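Working notes, beginning with the structure itself.
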Amino acid sequence: MKISISQLMRFLVIFVVGFILSAVSLQYVSTREHRRKNRPRQCQAMRKTLAGAIEMYNLDFNTKVADIDPQDYLSENGRFVTEGYLQGPLSKHPECSYVYDPKTSSFSCSIHGEFKAY
Ligand SMILES: [Zn+2]
């Protein structure tokens, strides 16, 4: 059996395309895995930012915020965004749901729990 140059080229192209596709999908999977593993840290960083913003707000207005509407920090028109306590609306992960504790001025996450100092 004789293999022609065009057949050889076809095999080569299929091999190269397959190699590239597997490399790209592997990269995609590892990036997704990396993001998933880092989610608790991102969540915690977000809650820390939020707690800091509320602390500043409390100091400036000489008050103690008791109840927080998530739109206050998730919306472009939210109170902490428009007042300049956050640089922009926070983009928390959809799975995370924050509960504010006015006693400690901190947030806990329904998935990632209380704030922990690493
Ligand atoms: Zn979370």
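With my numbering, the residue at position 116 of the sequence shown is 149, and numbering never jumps.
All C-beta atoms, glycine included, are put in the ideal place defined by N, C-alpha and C.
The model shown is predicted, which means the values in this text are computed figures rather than measured ones.
- In this structure, Ile101 has its beta carbon at no less than 6 Å from each heavy atom of ligand 1.
- Taken in chain order, the complete alpha helix (DSSP H) segments of 4 residues or longer contained in the region 67-137 are 104-107 and 112-115.
- Arg80 and Tyr131 do touch by the CB rule: their CB atoms are close to 6 Å apart, below 8 Å.
- For the pair Val57 and Gly51, the Cα-to-Cα distance works out to about 10 Å.
- Annotation for His145 indicates a beta carbon within 6 Å of some heavy atom of ligand 1.
- When DSSP states are grouped into helix, strand and coil, Ser58 belongs to the helix group.
- In this structure, DSSP gives Ser141 an extended state, which the three-state scheme calls strand.
- Between the alpha carbons of Ser141 and Ser55 lies a distance of about 39 Å.
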